[in-house]
Each structure stands twice: as structure tokens, then as C-alpha cells.
Amino acid sequence: MGLTGLEIFKQLPKTNTGDCGFPTCLAFAMALSAGKTSLDKCPHVSEEAKEVLGAAAAPPIKLVKVGTGEYAVEMGEETELFRHDKRFYHPAAIAVLIKDTEDVAACVAAFNELEFERVGMHYVTDLVALQCASGDAAKFKAAAETVAANTNKPCLLICQDAAVMAAAATAVAAKKPLLYAATNENYEEMTALAQKLACPLAVKGNGLADLSELVEKITKLGHKELVLDSGNRETAQVVADLTQIRRLAVRKRFRPFGYPAMAFTTKEDSLAEITQAGVYLAKYAGLIVLHANKKAELLPLLSWRQNLFTDPQKPIQVEAKAVAIGDVTPDSPVYITTNFSLTYYIVESEVEASKVPAYILPVNTGGVSVLTAWAAGKLTGDSINKALKENELEVKVNHKTLVLPGYVAVLSGNTEEVSGWKVLIGPREASGISKFAKEKFAR
Ligand code: SF4
């Protein structure tokens, strides 16, 4: 919870200079409380007030960065318990586990292949989690160097022996790895190492009470780039811990838990593991470490993440522009759909699969699906006619016949009347396009 306008007002100079762009200090305080301005707009605020207000204005969960450059991973800075209240900001990072006893170069090469295109979006796994399974400082260091040399993505170094960690972390410090983990036994050495190398540090407790105490000890030592691990591994308990951490951070502003949290999967079976990771992703891990390293295993998880971390108030849209699929000719059919990304890409893949070259015309419905757009009056004879004209379909094809989605067959009369195009009623589901196209248009 942030401070109220009156609580903020008490900390301001109350001289009403107007230099902040507001007529009075009270107006500024109210705007600051509502998040509509920032404290630095007042040049007269005292250092003492800055400290009080700055802490209150800080996000409930700190932003922690791992790695550098284009592929740096950001975790935290979440403000909500429930996505529908606003949105979630930083997609949970996915780390794929590699042991230093494996062929690290080959594993990293396979990791680099874990990229996907789906519904016009690019999905990637985010970090290599390199575990010291050998217990050998030289081997772990060499493995860390191999990871750093073979991928631009950041690294999570897993080793609880501070001396072994120091060798590897120092070798790849320029890549700003996340060091896992500070525990009750090693936190002084691990914190000193993380501070010296300016790297984020994971903190592993024995349950939440222990974790909060350990975090306080570490922050007193001056390190505040932290990622939290309750130490539990049983699924229901991990979910309870992650939920408590988020709840206490966001609702109670409990500072020891004001950092992103992480979770490790434990299931051996890959489907069970992805399900477990999916649960952690929803509730509320900022980083998930898993063994799964195959595209078929990871795609559902990354799709789930993509859905969860989009802004629910902004549908994902494609450009409302006619797209030619295959070697179109003036005889090619014209399919009408909407510019809701998911709808468009499903239609696109079915038209491709039909092997009948065609134009797809996604009408601009503000990114909503066919039935929703029809119900909201966004998919109408007029909007279809406008799209046909703007995309010059009359010039592109030598016929005036369009295919309307079967679910909105009710629009056919109005569409024909407004546009002068003949309407063919297409299948209700995109999965019927292939059969429909072969029956109607194949030569
Ligand atoms: S600049 Fe500062 S002192 Fe002046 S009105 Fe704004 S809040 Fe008050």
C-alpha cells in the first residue's frame, strides 16, 4: 500500500511555489499518491522527505536484472495479485538446467535452439541454469566459461560452496550471472562475492520464516539484488510459499519479501514437470528452473506464459491488411476474418494447409475475435466493405466473391448490400477451411 495524499502532503514544504506544475503542494501530493507524477518534479523537497517518500513510492517487488544487453532478464516489479486487476509485467523467466558433468557446449547449443514462432510472436527460454554437480571448482569454472562463450543469454550459477562459486562467478562476472544461493551456512561469503562482482544473489531459506530472517541479514550487509527461494520443493507447499511471498510483498509491503521469487521443478516425467512449472508460473514465480529441454515440452509452457503476461486490456492484434497466402492469382478466394491475433493465425495456418492460394482480409475489429466483434457491432457489412476498399481487393482479384466465417452468416445480406460483393458462407470453425477450400476452389 502506498501513502495517502495527506500523508505525502505532510512531508512536502507546503510553500505552494507551483514549480512542480501543480498549483499547490496538496494538489501535487494527491497526484503523487495516484501515481500521476513523480517526486523529482518538486525541487524543494528535503532529503529527509525524499527518503520517506522514496521508500513509499518504490514498487512492492524490486526489479532484479540478470545478464546484460539485449538478452538481460528482468524479474519483479509486479504490483498485483490478480492479472485482471491490472496486468503482470515481467514474464516469469525460464531457466534450463545443465550440469557441469554433461557435455556443456552441446547442451548450450541445444538450449540456443529453444526458440519458437507462434501467433506472430517469438518465444524463447531465458537462462542457462548451470549446476555444479562435480564439486570441482576448475570444472565448474570451465563450464561457466563455456556457457558464457556459447550463448548470449544469461546464466544462473548453482553452487552452495562459496569458494567453488567464486572461481566460476568471477570468470563470467561481466555477464552478470545470478548466483544461487546464499544460505544460513554461507550467506556472508556469498553476499560478499555478489557485492564484489555486482551480481544478483538468490537466497535459499528453510521455509518462509527462515527466508525472511536471512534476507534481512543479507540486506543489512548492503546487498539488495535478491531472488527468493523458500527452499521447499513439494508442489503444494511451493505454491503456498510463492503466494504468501507475493501477498505479503504487495498487500503488506513486507520488505524482506519485496523481491522476485523462484522455484525449481522436481517431477521426472516431462508432462508432469511442465504442469508443475505451469502452476508456478501462474502463482507467482519470477524464475523457474527446469530440466525440460525439448521444444515439444517447452512450447505449451511458453504459450501459457505468453497468455498470462499480456495486458488483458489490450488484445493482441495483427495489422488489418490483406495478406496473400501462396501464389495467389486474380481467381484466388478472399477469406474475411478479424485482426485478433489468435484468430488470424489459426485461419492463416488452415488456409496454408488447404494448399489453395488465397487472400485473407483481417478486418480491423480492435483485436477481438469474430463472434465478439459481431456482437459488439465491430464486424459489420460496413466494416467489411471498408476493409475491402482500403485493401483494394477489387483490383487484386477478378471476381467479387468473399468468404464469410460461418458463425457470422447472419451478416451476409447486409454485406452483399453494402459492398456489392457476393458472400459465400464458410465453415464455422477454421479447421473446416481445408475441406471447404478443396471443395469450392481446388482445380
Ligand atoms: S514544487 Fe514542491 S513546494 Fe512547490 S508547489 Fe510543488 S510540491 Fe509544493
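Residue numbering for the sequence shown follows my numbering, beginning at 791 and increasing consecutively.
Virtual Cβ for every residue (Gly too), placed ideally from N, Cα, C.
All figures in this text were calculated on a predicted structure; none of them were measured in a lab.
Whose C-beta lies closer than 7 Å to the C-beta of residue i among residues of the same chain, with five residues either side of it excluded?
i            : result
residue 799  : 815, 816, 819
residue 933  : 890, 894, 920
residue 1226 : 1216, 1217
residue 853  : 864, 866, 867
residue 873  : 1098, 1102
residue 922  : 890, 930, 948, 949, 954
residue 977  : 1004, 1007, 1008
residue 791  : Unreliable positioning characterises residue 791 in this predicted model, as indicated by a pLDDT of 45, which lies under 50. The coordinate reading is nonetheless provided below. Closer than 7 Å at Cβ, skipping near neighbours: 1043.
residue 1181 : 1111, 1112, 1151
residue 1115 : 1138, 1141, 1142, 1147, 1148, 1150
Residue i lies in the alpha helix (DSSP H); which residues open and close that run?
i            : result
residue 1149 : Counting along the chain, residue 1149 falls outside any alpha helix (DSSP H), though it belongs to the beta strand (DSSP E) covering 1148 to 1153.
residue 905  : Taken as a continuous stretch (DSSP letters only), residue 905 belongs to no alpha helix (DSSP H), being part of the beta strand (DSSP E) at 905 to 908.
residue 815  : 815 to 823
residue 1208 : 1202 to 1209
residue 1137 : 1131 to 1144
residue 1161 : 1160 to 1165
residue 863  : Segment 863 to 865 is the beta strand (DSSP E) holding residue 863; no alpha helix (DSSP H) there.
residue 1171 : 1171 to 1180
residue 1225 : 1223 to 1230
residue 901  : 894 to 902
residue 1185 : 1183 to 1186
Please check the pair residue i and residue j, which I expect to be a contact at CB under 8 Å, by giving their CB distance rounded to whole angstroms.
i            : j            : result
residue 918  : residue 886  : 6 Å
residue 968  : residue 856  : 4 Å
residue 1135 : residue 1112 : Not really, about 16 Å apart at Cβ, beyond 8 Å.
residue 1040 : residue 871  : 6 Å
residue 823  : residue 794  : 6 Å
residue 1193 : residue 1164 : At roughly 16 Å, the Cβ-Cβ gap does not stay under 8 Å, so residue 1193 and residue 1164 are not in contact.
residue 1151 : residue 1183 : 7 Å
residue 938  : residue 965  : 5 Å
residue 1204 : residue 1120 : Incorrect: roughly 26 Å between the Cβ atoms, too far for contact.
residue 1178 : residue 1211 : 7 Å
Cβ of residue i within 7 Å of any heavy atom in the ligand MG?
i           : result
residue 830 : The ligand MG is absent from the structure shown, which contains only the ligand SF4.
Counting only the same chain and skipping the five closest in sequence on each side, list residues whose C-beta sits under 6 Å from that of residue i.
i            : result
residue 1230 : none
residue 1056 : 1023
residue 1175 : 1208, 1209
residue 915  : 884, 886, 904
residue 1154 : 1110, 1129
residue 1011 : 981
residue 803  : 834
residue 1220 : 1136, 1137, 1140
residue 801  : 839, 842, 843
residue 1053 : 1028, 1070, 1075, 1078
State the start and end residues of the unbroken beta strand (DSSP E) segment that holds residue i.
i            : result
residue 1115 : 1113 to 1115
residue 986  : Residue 986 -> not in any beta strand (DSSP E); alpha helix (DSSP H) instead, spanning 977 to 987.
residue 889  : 883 to 889
residue 945  : 945 to 948
residue 913  : 911 to 914
residue 856  : 854 to 856
residue 1214 : 1212 to 1215
residue 936  : No beta strand (DSSP E) contains residue 936, which is instead part of the alpha helix (DSSP H) from 927 to 940.
residue 796  : Segment 795 to 801 is the alpha helix (DSSP H) holding residue 796; no beta strand (DSSP E) there.
residue 1191 : 1191 to 1194
residue 919  : 917 to 921
Excluding the 5 residues flanking residue i on each side, which residues of the same chain have their C-beta closer than 8 Å to its C-beta?
i            : result
residue 942  : 859, 860, 861
residue 1013 : 981, 984, 985, 991
residue 796  : 819
residue 972  : 980, 981, 984, 991, 992, 993, 994, 1004, 1008
residue 898  : 888, 918, 936, 937, 940, 941
residue 928  : 957
Determine, using beta carbons only, whether residue i comes closer than 8 Å to chain B.
i            : result
residue 1215 : Among the chains of the structure shown, chain B does not appear; only one protein chain is present.
Quiz item: Counting Cβ pairs closer than 8 Å, one from the segment 1000 to 1009 and one from the segment 837 to 849, do we hit at least three?
Solution: Flag = no, the segment 1000 to 1009 and the segment 837 to 849 do not touch.
Practice problem: Determine contact between the segment 858 to 875 and the segment 1086 to 1096, defined as no fewer than three beta-carbon pairs at a distance below 8 Å. | Solution: Contact between the segment 858 to 875 and the segment 1086 to 1096 is absent, because fewer than three Cβ pairs lie under 8 Å.
Practice problem: Return the chain-ordered ranges of every beta strand (DSSP E) run that is complete within the segment 1045 to 1124 and spans a minimum of 3 residues. | Solution: Runs of the beta strand (DSSP E) inside the segment 1045 to 1124: 1052 to 1054, 1077 to 1080, 1113 to 1115.
Quiz item: Three or more beta-carbon pairs under 8 Å between the segment 1141 to 1148 and the segment 1073 to 1082, yes or no?
Solution: Taking one beta carbon from each stretch, the segment 1141 to 1148 and the segment 1073 to 1082 have fewer than 3 pairs nearer than 8 Å; the two do not touch.
Quiz item: For the segment 895 to 907 against the segment 1060 to 1068, are there 3 or more C-beta pairs whose distance is under 8 Å?
Solution: By the Cβ rule, the segment 895 to 907 does not count as touching the segment 1060 to 1068, because fewer than three pairs are nearer than 8 Å.
Quiz prompt | Given 8 Å, three or more beta-carbon pairs between the segment 1025 to 1032 and the segment 981 to 988 | solution = These segments do not touch.
Quiz item: So, do the segment 1123 to 1138 and the segment 1156 to 1163 have three or more beta carbon pairs nearer to each other than 8 Å?
Solution: Judged by Cβ distances under 8 Å, the segment 1123 to 1138 makes contact with the segment 1156 to 1163, as three or more pairs qualify.
Quiz prompt | Whole runs of the beta strand (DSSP E) within the segment 951 to 1036, excluding any shorter than 3 residues | solution = Qualifying beta strand (DSSP E) stretches, in chain order: 968 to 972, 991 to 994, 1016 to 1019.
Practice problem: Could you say if the segment 978 to 985 and the segment 922 to 939 meet the contact criterion of at least three C-beta pairs nearer than 8 Å? | Solution: No, the segment 978 to 985 does not touch the segment 922 to 939.
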